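Okay, structure first, notes after.
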Amino acid sequence: MTTTIIQAVGAAEGAAETVRATCLRIAEAADRAGAELRGGRNPLPRAALTRWESALTESWQALALVHTGLSAARRLPGAPAYAVGNVLDGLAAAREAAELAAGDAAWVRRGLAVAEDRLRRAGADQPTALATADRWGAACARLDLVAARLAIGVRALERYADQLAPGEHPPPPPAALSTPPEPAERRAGVASAGALLRRAHGWRGWRAFLARVRYEVYRELARSIPW
Amino acid sequence: MVSRYAAALRDLAAGRLYEHDQRLRRFDEPAWQRYGELLDAAFRLAVHRRFRPGQDRAPIIRFVASVRERYDHTGQDVDPGVAESLVWAALGERDPVPMERAAVTAQTLLVVGLLEDEGLAPTELESFVRQAEAEGYPD
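If you're matching them up, the sequences are chains A and B in order.
Residue numbers for the first sequence, in my numbering: 60 to 286.
Residue numbers for the second sequence, in my numbering: 12 to 150.
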């Protein structure tokens, strides 16, 4: 019985690896085909892309089910012992892959920013060129976010690895506290940050709407008074 | 139920600036001090969730640049040197930065930028704020 469970868990682990590789290959195939075929009028490429995207969704779901099953199977009596070393190795590999991906995202972002800048300057009087430059600018912002989210994920895995193997990476010394600012400085600093955020995002919500209306009414009133 | 300081921080991070302003208006001196402690703790926590001590400088430079790009449209309201020093000081790798008005502004925007990048769901933001509160004044 125990041997069978161990064999089953081992087989499922191998299957998870293969399904993961399959997911990545399908994603690459769908993306490459999408880059060439999207926007065309012929229904055949559209049908191919739709099927591949649906195959990708199914594969990720299958992978999730395999992982869920694995974590349940590891709790069965006689299942292979929970090897912290293996988990740490797996996490280290995942972190390395994420850091490489973040590096690629940063590198591509630089190239795209240069392309955006060149197009913006070369096509300053052409709306299509400016719209394209805007799209590339938006892509740069998204790549920034990709790098940020990858870094946050890497740090979360590092903290988890520290919990699994305490003492392997001693925690850093606590940051020295700065002298608290004078209350007036704090107030002015926070107010100035709030003003910058409002300029960037504007007011939000119904209270914000009322505040805007109030502001406009006061402004009109001030204009109508013959000073 | 979170404290009024934590509620103000939550509104700030969620972009509810009107509510944030309204809460701050009701703060007296001791409340401002508590809010400042909470902001410091949230900043340290958010920095450690994104960066690690001893890491490359480039990601921190890029992060500060992205915060300035997002919120500092004049390019003169957030000093990049001060902002980077704040991050390094939070990681324990540099002496604390004197907290003058410019540093407080930078710190507040960095907290907002860090949390915005994390894309936290409301419940996750709530739990972050609670954790910051526990670290800011554990009493």
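A virtual CB, placed ideally from N, CA and C, is assigned to each residue, including glycine.
The structure presented is a predicted model; accordingly, all values stated were derived computationally and were not measured.
Asked, Found
"On a CA-only basis, which of B:S77, B:E95, B:P107, B:Q44 is nearest R245 of chain A? Give me that one, please.", "B:Q44"
"Going by beta carbon distance, what residues of the same chain come within less than 8 Å of A188 of chain A, once the five residues before and after it are set aside?", "L178, R179, A181, G182"
"Using the three-state DSSP reduction, which class does R133 of chain A fall into: helix, strand or coil?", "coil"
"Closest to S118 of chain A by C-alpha separation, out of A:T77, A:L96, A:A197, would be which residue?", "A:T77"
"Closest to V128 of chain B by CA distance: which of B:G26, B:D39, B:V93, B:T116 is it?", "The question names Val, but residue 128 of chain B is Asp in the sequence shown. Per the Cα distances, B:G26."
"Under the three-state reduction of DSSP, which class applies to L102 of chain B: helix, strand or coil?", "coil"
"Which class does R214 of chain A belong to by DSSP, given the choice of helix, strand or coil?", "helix"
"Looking only at C-alpha atoms, which of A:A74, A:A92, A:A200 sits nearest to E112 of chain A?", "A:A92"
"So, at 8 Å on beta carbons, what are the nonlocal neighbours of G103 of chain B in its own chain, with the 5 sequence-adjacent residues on each side left out?", "P64"
"Rounding to the nearest angstrom, what Cα-Cα distance links R258 of chain A and V115 of chain B in this structure?", "18 Å"
"So, do the segment 87 to 95 of chain B and the segment 132 to 148 of chain B have three or more beta carbon pairs nearer to each other than 8 Å?", "no"
"Does any residue of chain A have a CB that is nearer than 8 Å to the CB of T116 of chain B?", "yes"
"Considering only their Cβ atoms, is the gap separating A252 of chain A from L120 of chain B smaller than 8 Å?", "yes"
"Measure the alpha-carbon distance for D184 of chain A versus Y29 of chain B and round it to whole angstroms.", "39 Å"
"Taking the alpha carbon of L124 of chain A as the reference point, which residue from A:T63, A:A74, A:I211, A:A152 has its own alpha carbon closest?", "A:A74"
"Spell out a yes or no on whether the segment 31 to 42 of chain B and the segment 68 to 87 of chain B are touching, meaning 3 or more CB-CB pairs, one atom from each, closer than 8 Å.", "no"
"Which ranges would you report for the beta strand (DSSP E) in the segment 173 to 199 of chain A if only whole runs of at least 3 residues count?", "none"
"Just confirm the distance between the C-beta atoms of R60 of chain B and I211 of chain A, as a whole number of angstroms; I'd bet it's less than 8 Å.", "6 Å"
"Could you work out which residues of chain B lie near P240 of chain A, taking near to mean beta carbons separated by less than 9 Å?", "G47, P109, M110, E111, R112, A114, V115"
"Of all Cβ atoms in chain A, is any one closer than 8 Å to the Cβ of T134 of chain B?", "no"
"Might you give, ordered along the chain, the residues of its own chain that have their beta carbon closer than 7 Å to the beta carbon of A18 of chain B, omitting 5 neighbours on each side?", "R34"
"Taking the CB atoms as reference points, tell me whether A89 of chain A and L103 of chain A lie closer together than 8 Å.", "no"
"Would you kindly work out how many angstroms separate the C-alpha atoms of A165 of chain A and R134 of chain A, rounded to a whole number?", "41 Å"
"Should D294 of chain A go down as buried or exposed, given a rule of 16 or more other Cβ atoms within 10 Å for buried?", "Given a span of 60 to 286 for chain A in the structure shown, any question on residue 294 of chain A remains unanswerable."
"Would you call the CB atoms of V123 of chain B and L122 of chain A closer than 8 Å?", "no"
"Who are the near neighbours of A113 of chain B in its chain, counting only those whose CB is closer than 7 Å to its CB and skipping five residues on each side?", "D90, V93"
"Going by the beta-carbon positions, is the gap between L204 of chain A and A153 of chain A smaller than 8 Å?", "no"
"Anyone know if the C-beta pair for A42 of chain B and A143 of chain B falls short of 8 Å?", "no"
"Taking the alpha helix (DSSP H) that R141 of chain B falls in, what are its first and last residues?", "133 to 147"
"Closer than 8 Å by beta-carbon distance: list the chain B residues that pair up with E244 of chain A, in chain order.", "M110, E111, R112, V115"
"Taking DSSP as the reference, what is the three-state secondary structure of T109 of chain A?", "helix"
"Keeping to the same chain, check which residues put their C-beta closer than 8 Å to that of P239 of chain A; ignore five residues upstream and five downstream.", "R245"
"Can you grab the Cα-Cα spacing for the pair G149 of chain A / Q66 of chain A, in whole Å?", "20 Å"
"Note down, in chain order, all residues in the segment 171 to 200 of chain A with a beta-carbon under 7 Å from any beta-carbon belonging to chain B.", "none"
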